[in-house]
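Add 5 to the 1-based position in the sequence shown for the numbering used here, that's all there is to it. Everything below concerns the one structure shown next.
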Amino acid sequence: MKPIVSTPLKYGLIGSVMAMIVIVFLYYTGKHPLLIPIFFDVRVILFALFIFFGIKEYKTQFNEGFLQFWQGMVIGIGIYVIIGLVTGIFVIAFSSIEPQFFADYIEGTIRGLELDKDQIVNQGKITLTEEQYNAQVQMLRESTPTVLGIDYFIKSTLLGFFITIIIAVFLRKSEKRFSK
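Structural data, given as structure tokens:
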């Protein structure tokens, strides 16, 4: 298997196992891992570490110390897509095995919406009518673990994309083609 495929696969699968461990650990210590604000989300650190070391391994071990931006992007995208996909599937399975995990998520999200309802509906910071707000709450109540897993994957993909850009720019190193 080519290193541009095997490196993201290796780091993506190891990162997935770490993400699953973190989710279970946080949940059983009383902190629901999917209700943590994005600024404190463990995925930021997890993605940054695995993407950085995955790209760095490819650059140093397989590409003679050189790295084009596109190579860094391909490896980073591979890593975060694998982590997001495998962990998203785990979230679906864990929600089925431990139904309280899913129930706590729905309850916590609705509680957060209720706390922000005044800003969402009355102050006009977000333009939702009362009916639209109530429809959102009802949609949450009717949600399924599959929707939660897909949501996890989508959020992971968006987060991973921005982290990958930063790391790929930071680690890129081109060959000097026109040296004297």
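All C-beta atoms, glycine included, are put in the ideal place defined by N, C-alpha and C.
According to DSSP, is K61 part of a helix, a strand, or is it coil?
It is helical.
Taking C-alpha atoms, which residue in G35, S100, T162 lies nearest to S148?
The residue with the shortest Cα to Cα distance from S148 is S100.
Cutting at 8 Å between CB atoms, please list the residues of its own chain near K15, excluding the five before and the five after it.
These residues qualify, in order along the chain: G59.
Can you tell which of E135, A173, V91, G113 has its C-alpha closest to the C-alpha of Y41?
First, the amino acid is wrong: residue 41 is Ile here, not Tyr. Answer by Cα proximity: G113.
Tell me, please, whether the stretch 15-33 touches the stretch 82-100 by the rule of three or more beta-carbon pairs shorter than 8 Å.
Touching, yes, given that three or more Cβ pairs across the two stretches are closer than 8 Å.
Taking DSSP as the reference, what is the three-state secondary structure of L133?
Reduced to three states, the DSSP call for L133 is coil.
Answer with buried or exposed for L120, where buried requires no fewer than 16 other C-beta atoms within 10 angstroms of its C-beta.
By the neighbour-count rule (16 or more Cβ atoms within 10 Å), L120 is not buried but exposed.
Am I right that I111 and L145 are in contact with their C-beta atoms under 8 Å? What's the rounded C-beta distance?
Contact holds; Cβ gap of about 6 Å.
Relative to the C-alpha of T12, which residue among I84, N139, E136 is closest?
Comparing Cα positions, the closest option is I84.
Going along the chain, which residues of its own chain have a beta-carbon closer than 7 Å to the beta-carbon of Q73, five neighbours each way excluded?
Closer than 7 Å at Cβ, skipping near neighbours: R177, S179.
Start and end of the alpha helix (DSSP H) containing T12?
Run containing T12: 8-33, per the alpha helix (DSSP H) assignment.
Considering only their Cβ atoms, is the gap separating V91 from S161 smaller than 8 Å?
No, Cβ-Cβ distance for S161 and V91 is not below 8 Å.
So, L87 versus I172, is the Cβ gap smaller than 8 Å?
The amino acid occupying residue 87 in the given sequence is Ile; Leu does not appear at that position. Cβ atoms of I87 and I172: not closer than 8 Å.
So, L18 versus Y157, is the Cβ gap smaller than 8 Å?
Contact flag unset, no.
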